[in-house]
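Asks: Structure incoming, see below.
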Amino acid sequence: MARHLGIRAALGAVTIAGVVVLTFVLMFVVPGDPARGIAGPRADAETLALVRANLHLDGSLATQLWSYMSGIVRGDLGVSYVRREPVTDLLAARLPATAILACAGLALSVVLGSALGVWDGLRPRRSRLLATINVGLLSIPTFSMGFTLLLIFGYKLSLFPITGGTGAANLVLPAVTLALWGVPYYASVVRDGMQEVLAAPYTRTAVGKGLPRRAVITGHVLRNALSPVVTMVGLDFAIYMSGVVFVENVFAWPGIGQLQTQAFGDLDRPVLMGTVVVAAVIVVAANLAADTARMFLDPRTREQPA
Amino acid sequence: MSADLVISGLRVGYGDRTVIHDASLVVPAGRTLVLVGESGSGKSTLALAAARLLPPTARVDGAIRLGDVDVTGLTGRALRQARGRLIAYVPQDAMAALNPLHTAGHQIAEVLELAGATRRAAAVGARELLAQVGMPDPEPVARQYPHQLSGGMRQRVMIAIALAAEPEVLIADEPTTALDVTVQAGILALARDLQVRRQTTLVWITHDFGVVAELADAVAVMYGGRIVEHAPVTELFDRPVHPYTRGLIATTRDTREGAPRTPFHAIAGSPPRGAAPPGCPFHPRCGVAMPQCAVELPLPEGVAPGHVAACHRIGAAA
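The listed protein sequences derive, respectively, from chains A and B.
Throughout, the working numbering is defined as the position within the first sequence, counted from one, plus 250.
Throughout, the working numbering is defined as the position within the second sequence, counted from one, plus 7.
This is the structure:
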């Protein structure tokens with residue numbers, strides 16, 4: 251098991267390196283000159299050359315990539331062109347806000363979605379209510395959901411603040427928006443899992459033992475039906491953590507997503523690269539965590555070769 | 008405590024499809040009935056009906072009685088208490104029938120805990136049951152998960168689960184089909200031993216006449232959802248009446264050394280899928296069918312004491 255995880259971790263490191271190289275090359279070939287962006291449109295050639303030299307933009311792709319990669323290893327992600335602050339500081343300032351929002355949103359999705367899925371899965375026939383909720387939520391884009399919630403609960407009812415901030419009251423609406431986005435997925439996966447497990451021969455064995463229905467459900471059905479949720483949480487946590495751009499922008503939530511949008515507008519390469527590196531690390535780490543959790547929950551995954 | 012298992016006029020259907028027509032059987036207490044027939048003949052459905060484990064979508068008519076207990080009429084708490092204790096069921100595919108997330112020991116102990124044993128006593132009891140079903144070293148087996156066990160071990164674990172509540176009737180649905188021959192022999196020996204020690208009534212489903220010879224006191228042959236012949240085992244082998252039973256016996260070969268080499272007989276055609284043909288369900292494949300067979304359903308009639316068959320040839324010149 252430890253060996254299996256070690257191999258997965260090594261593969262993860264390779265994945266991160268690959269993502270960094272690919273993104274770096276893409277940034278390099280993308281049109282737009284950061285030096286001109288910094289020096290201004292009327293700067294003369296001499297100034298531009300000076301700016302380039304300062305930012306080490308005059309080297310070849312290979313030397314720039316090498317210096318960037320060795321910077322990552324030292325924990326140095328460069329300095330923002332626009333804000334003149336180390337990228338690591340900018341990210342560190344934003345990461346907690348994103349983490350809080352991601353955890354709150356994800357926890358709500360999992361709890362609400364699984365509860366709906368279990369409830370519907372225990373019914374002999376599919377509930378029209380759940381189907382309606384699912385289709386409804388899936389067809390509303392996240393940002394319109396966000397604006398609608400903001401309009402109703404923030405503006406009309408004045409229950410929650412509409413200006414940005416990181417207080418508990420500020421958290422509610424963005425977290426609910428995120429959660430409503432995730433609920434249909436969790437509800438469907440859990441519902442299908444319940445139906446499948448309820449029809450499984452081992453559930454029949456449990457019924458045949460004479461166990462009360464409650465014991466059949468809690469002892470044999472739930473753990474089997476909920477196991478895909480663990481993998482989904484791993485994937486979703488990574489997505490939520492890399493900054494859910496729309497939600498953060500609608501609610502002026504000062505997280506990674508907002509930082510990324512601004513960096514895009516400013517052509518602020520080091521910041522953009524920084525958000526990509528962080529996202530890659532989180533995706534790999536979250537999947538590794540989900541894998542580990544599954545090994546504890548499902549004995550069959552413990553002996554699988556990598 | 009032991010009582011006869013009596014099935015009379017059992018009819019099982021899903022929607023407008025009838026899977027079992029008017030099945031009637033008697034298994035005396037402490038005896039073994041072997042149920043034979045091709046796949047799709049309704050053997051498993053009959054077994055699940057008797058164990059009260061059919062899905063809720065199944066329509067069940069007729070009566071299944073164990074002594075003075077009306078098994079088909081049980082509901083709620085009484086039904087729950089009858090499951091496992093009166094009638095226990097061992098399915099064909101033990102891998103699918105064991106919960107992949109629990110150890111073998113836990114899955115057996117659960118039954119003992121339900122009967123009131125403490126957690127510790129149940130764990131000990133589970134190991135004793137594993138020893139009883141022929142596991143020389145039960146401790147590691149009890150700690151293992153189903154996917155870590157061999158096919159024969161999984162089937163023994165299933166049997167241990169079924170025996171845990173000391174049922175009066177044990178219904179085993181082709182429990183040896185997926186196992187290799189030596190393991191099969193072990194399971195059959197276990198079944199015989201069990202019967203001697205506990206006086207358990209056995210209903211054993213198979214399509215292997217070797218198993219019939221090994222285990223049966225009586226045999227019921229199913230075809231197309233009907234019991235076409237029902238007789239004591241020696242009577243059935245000596246004087247099979249139904250052409251289908253004769254065909255089945257002819258398909259089994261004596262593979263002992265020195266036995267005469269006989270040509271291999273197969274029954275032509277395949278069992279009906281979906282709706283059964285009018286008349287006798289077997290007539291399209293029957294070598295001795297008469298015009299009457301395509302029109303009129305033969306009803307079961309006695310041919311000897313304890314020997315019943317449903318064929319128009321009975322009485323007519325054979």
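Idealized CB from N, CA, C, for every residue including glycine.
(1) At the level of alpha carbons, what is the spacing between B/Gly132 and A/Pro346?
(2) In its own chain, which residues sit with a C-beta less than 6 Å from the C-beta of B/Val119, not counting the 5 before and 5 after it?
(3) Does the Cβ of A/Met523 have 16 or more other Cβ atoms within 10 Å, making it buried, or fewer, making it exposed?
(4) Check for me: the alpha helix (DSSP H) holding B/Ala128 runs from which residue to which?
(5) Counting only beta-carbon atoms, is A/Thr461 nearer than 8 Å to chain B?
(6) Can you say whether A/Pro291 is buried or exposed, counting buried as having 16 or more other CB atoms within 10 angstroms of its CB?
(7) Let me know the secondary structure DSSP gives A/Tyr435 once reduced to three states.
(8) Can you give me the C-alpha to C-alpha distance between A/Gly325 and A/Phe501, rounded to a whole angstrom?
(9) Report the residue from B/Pro107, B/Arg320 and B/Gly16 whose alpha carbon sits nearest the alpha carbon of B/Cys300.
(10) Since A/Val457 meets chain B, which of its residues come closer than 8 Å, beta carbon to beta carbon?
(11) Taking the DSSP output, what are the residues bridged to B/Tyr251?
(12) Within a Cβ cutoff of 7 Å, which residues of the same chain sit near A/Tyr405, ignoring the five residues on either side of it in sequence?
(13) How about A/Trp431 and A/Thr392: are their beta carbons less than 8 Å apart?
(14) Going by DSSP, name the residue or residues bridged to B/Arg90.
(15) Write down the C-beta distance between B/Gly69 and B/Leu17 rounded to the nearest angstrom, noting that I regard them as a contact closer than 8 Å.
(16) Identify whether B/Ser31 lies in helix, strand or coil by the three-state DSSP scheme.
(17) Among residues of its own chain, excluding the 5 on either side of B/Ala124, which ones have a beta-carbon nearer than 7 Å to its beta-carbon?
(18) Does B/Val118 have its Cβ less than 8 Å from a Cβ in chain A?
(19) Between the region 162 to 187 of chain B and chain A, which residues of the former have CB atoms less than 9 Å from a CB of the latter, in chain order?
(20) Could you tell me the distance, in whole angstroms, from the CA atom of B/Tyr21 to the CA atom of A/Ser394?
(21) Just to confirm, is the Cβ distance from A/Val526 to A/Thr348 under 8 Å?
(22) Rounded to a whole number of angstroms, what is the C-alpha to C-alpha distance between B/Val188 and A/Gly371?
(23) Measure the C-alpha to C-alpha separation of B/Ile26 and B/Lys50 and round it to an integer number of angstroms.
(24) Could you give the DSSP three-state label for A/Arg454: helix, strand or coil?
(25) Taking the CB atoms as reference points, tell me whether B/Val330 and B/Ile166 lie closer together than 8 Å.
(26) Determine whether the beta carbon atoms of B/Ala58 and B/Ile94 lie at a separation below 8 Å.
(27) Please confirm whether A/Asp548 has its beta-carbon closer than 8 Å to some beta-carbon of chain B.
(28) Would you kindly work out how many angstroms separate the C-alpha atoms of A/Gly256 and A/Gly262, rounded to a whole number?
(29) Cutting at 6 Å between CB atoms, please list the residues of its own chain near B/His314, excluding the five before and the five after it.
(30) Throw me the rounded Cβ distance for the A/Ala289 and A/Leu305 pair, which I believe falls under 8 Å.
Replies: If we stick to the structure as given:
(1) 53 Å
(2) One detail in the question is off: residue 119 of chain B reads as Leu in this sequence, not Val. Around B/Leu119: Ala129, Gly132 and Ala171.
(3) buried
(4) Arg126 to Gln139
(5) The identity of residue 461 of chain A in the sequence shown is Leu, whereas the question assumes Thr. For A/Leu461, the answer is yes, since a Cβ of chain B falls inside 8 Å of its Cβ.
(6) exposed
(7) helix
(8) 31 Å
(9) B/Arg320
(10) Leu60 and Arg90
(11) Looking at the DSSP assignment, B/Tyr251 forms no beta bridge with any residue, so it has no partner.
(12) Ile412
(13) yes
(14) B/Ile94
(15) 4 Å
(16) strand
(17) Gly132
(18) yes
(19) Met165, Ile168, Ala169, Ala171 and Ala172
(20) 47 Å
(21) no
(22) 41 Å
(23) Here the sequence assigns Val to residue 26 of chain B, which means Ile is not the residue at that position. Their backbone Cα atoms lie some 10 Å apart in a straight line.
(24) helix
(25) Nothing can be reported for residue 330 of chain B, as the shown portion of chain B is limited to 8 through 325.
(26) yes
(27) yes
(28) 10 Å
(29) Ala238 and Glu242
(30) In fact, because the Cβ distance is near 11 Å, the residues do not count as touching under 8 Å.
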